[in-house]
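Heads up, the thing below is written out as C-alpha cells.
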Amino acid sequence: MSELIQPVRESYAHNSRLYDFMANKADLNQIVEFLTWDAEQPAFYVYLGHWENKVPDLIQSALVEHIAEEKDGDHSGMFIRMYDDLKKQTGGLNVELDEEQTARLNYIFGDTCAQEQSFGFFLGGFLATEFMSQKRCQQLWDGLRRLNIETDYEYLELHAEADAHHWIEVDEKMIQPSLEKNLTSVDAIQVGINHRLQTSANFLKFYENKYLF
69 MSELIQPVRE SYAHNSRLYD FMANKADLNQ IVEFLTWDAE QPAFYVYLGH WENKVPDLIQ
129 SALVEHIAEE KDGDHSGMFI RMYDDLKKQT GGLNVELDEE QTARLNYIFG DTCAQEQSFG
189 FFLGGFLATE FMSQKRCQQL WDGLRRLNIE TDYEYLELHA EADAHHWIEV DEKMIQPSLE
249 KNLTSVDAIQ VGINHRLQTS ANFLKFYENK YLF
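Right under this line is the structure:
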C-alpha cells in the first residue's frame, strides 16, 4: 500500500495551503464560498453507483456495502442541510462558478468516466478521494468552530473521523483482492490516483489565485 498512498499523502492536492487557511483564517463567507463548489459534486453514492456493475464480482459486494452506507446514512443529505444552513447565515451568498473548472474537477465522479476508464482507474481515484477527505473535512470543521458558528456538524464530524479508515477499507476489501487475482494492475490504479491528484491540484491553485492569495 505504501507505494500507492505515499504520493497522495505528499501531494499538493492533500497539502494545499487553502485548507490551513480555512481552519485558521477564513471567515464564514469564505468557507461557504468554498463549499459552494463542493455542492456541485454529485452525491458520493451516485458516483460509486456508476461502477456497481462495472467492477469484478470479487469486489462488487464491498462496493455495494459502501454505497449502502452512503445512502442509508444520508451523507449527501447531511451535507446539503449543513450547506443550506450556512449559506442562509451569510444572507444568501451568491457565488459565480466556473463551469469548465467544475466539469474538469467532477469528471471522475460522472458516468462518462465510468464508460471511458478502467475499474483500476476507479479504484485509484476512490482511494485518493477517501484519503484526502478526512483532512479536508477536519479543517473545515475546525474553521467553523473557530468562528463559533452554530449548525449541524454531523457531516463534517462523521467524515473527519470515518474517512480516517475508509481509505484502508478500500485498500483491504477492493484493491488488494483485485491485485492478488490479477484483475487489475498497480499501474492502472496509479493512473486513477494521478488523475485525481492532478485535477484537484489544478482546481485548488485556480481557487487560491482567484479567491484567496
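First residue of the sequence shown: 69, per the numbering used here; consecutive thereafter.
Just so you know, even glycine gets a beta-carbon here, dropped at the ideal spot from N, CA and C.
Query                                                                                                                                                                        : Result
Answer yes if the region 253 to 264 comes into contact with the region 187 to 197, meaning at least three C-beta pairs across the two stretches below 8 Å, and no otherwise. : yes
Helix, strand or coil: which one does DSSP assign to Thr219?                                                                                                                 : coil
In whole angstroms, what separates the C-alpha of His82 from that of Leu173?                                                                                                 : 15 Å
May I ask you to report which of helix, strand or coil DSSP gives Val259?                                                                                                    : helix
Tell me which residue opens and which closes the alpha helix (DSSP H) that Ser144 is part of.                                                                                : His143 to Gln157
Using a threshold of 8 Å, state whether the C-beta atoms of Tyr151 and Leu103 are closer than that.                                                                          : yes
Is the beta carbon of Leu272 less than 8 Å from the beta carbon of Ser84?                                                                                                    : yes
How should Phe281 be labelled, buried or exposed, when 16 other C-beta atoms within 10 angstroms of its C-beta is the threshold for buried?                                  : exposed
Here's the rule I'm using: 16 or more other beta-carbon atoms within 10 Å means buried, otherwise exposed. How should Lys156 be labelled?                                    : exposed
I want to know whether the region 124 to 142 touches the region 238 to 252 - three or more CB-CB distances under 8 Å.                                                        : yes
Measuring CA to CA, which of Pro124, Ala111 and Gly160 is closest to Thr136?                                                                                                 : Here residue 136 turns out to be Ala, not Thr, going by the sequence shown. Looking at the Cα atoms, Ala111 is the closest of the given residues.
If you draw a straight line from the alpha carbon of Asp153 to that of Thr219, how long is it in whole angstroms?                                                            : 7 Å
Look at the alpha carbon of Val100 and the alpha carbon of Ile217, and state the distance between them as a whole number of angstroms.                                       : 12 Å
What is the C-beta distance between Leu116 and Leu195, in whole angstroms, given that I count them as a contact (C-beta under 8 Å)?                                          : Contact flag wrong, Cβ pair sits at about 13 Å.
Please say whether Thr267 and Ser186 have beta carbons closer to each other than 8 Å?                                                                                        : no
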